[in-house]
Amino acid sequence: MSKKTSNFPLQILREYAKVRSPARNIPPSVLLSHTPYVMSIHDAYPKSKYHFLILPRFPYPPEADLERDKSILPLGVFDSLETFLMKGGEHRWTVLQQMVNMARDVEEMIRDEMFKTEGFTWKIYMGFHAVPSMNHLHLHVISDDHLSPHFKTKKHHNSFRPDLGFFVPLASVEGWIKMGDEESIRRHELNSSEILLSSPLSCFRCDESFGNMPELKRHLEGEFQARKKKALKEIETTGRQRDSDVSSEES
DNA sequence: GTTCTAGAAC
DNA sequence: GTTCTAGAAC
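Numbering of the first sequence is given in the UniProt record's numbering, commencing with residue 1 and proceeding in unit increments.
This is the structure in structure tokens:
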């Protein structure tokens, strides 16, 4: 029997989202954590030292019966950020907050790891890709070092810049939903791709320009080492880290 | 999303 | 000659 299911867009995240008992059926090299509503997984090709994805599980809510299609939200709602925002209706805020709560836990875990491995913590940011190439809504939780062997193309770089429009910061999405700003939602998607394609390579932290990716990657490595040196010195002299790079949600 | 590779850039 | 990008295939 040739059940040649189309590979594109890639379905792997959706397959994870539908798994009934994640702990038993998804290997620990992939699955990080889960609740009845959401799960966190390792990005298969991390674009930074720390890079995780948060996905809503399906059916939603979990007691719904997949076969009898009793999910309150149809599967199509979870295709992408766009479909989620356009078709998610009143459930958008609840679903998003379940994702956000897990993202905060993952963020906490990352900070612990950072401290264990490097002796200091640095920025972690969160958001969605406006035009994802993998099916099923997913929130990126990623450290801002971008030191990874899988981070190697201009598209990689521009798709994670928080200031271009292709990467949609979590705060923007939260704002749109909370304010009921349907017009911003409608407008956003259209601009994203063109901006992405036309953008030259430059470091989003210091704005320095680069002719190619290897140059940018060397810059990122140097920048990280400088930040690390500064942070370690700070910790040594004051007993704690006082770094503006570290986001301020710690109590 | 990645891989592969032709040919542009150096 | 080698490095690097970018488009097609998957």
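Ideal placement from N, C-alpha and C gives every residue a C-beta, glycine not left out. Just so it is clear, the structure is predicted and the values come from calculations on it, not from any experiment.
When secondary structure is reduced to three states using DSSP, residue 142 falls in the strand class. With contact defined as three or more Cβ pairs closer than 8 Å, the region 93–111 and the region 43–61 are in contact.
When secondary structure is reduced to three states using DSSP, residue 45 falls in the coil class, being assigned neither helix nor strand. Looking at the backbone, the Cα of residue 228 and that of residue 166 are separated by about 29 Å.
With distances taken between CA atoms, residue 131 lies nearest to 196 out of 196, 157, 92 and 154. In the three-state DSSP reduction, residue 89 falls in the helix class (H, G or I). Restricted to the region 88–165, the beta strand (DSSP E) segments that are unbroken, complete and at least 3 residues in length are 124–129 and 139–143, listed in chain order. Judged by DSSP in its simplified three-state form, residue 26 adopts coil rather than helix or strand. DSSP places residue 170 inside the alpha helix (DSSP H), whose first and last residues are 170–179. Pairing residue 78 with residue 208, the inter-Cα distance amounts to about 37 Å.
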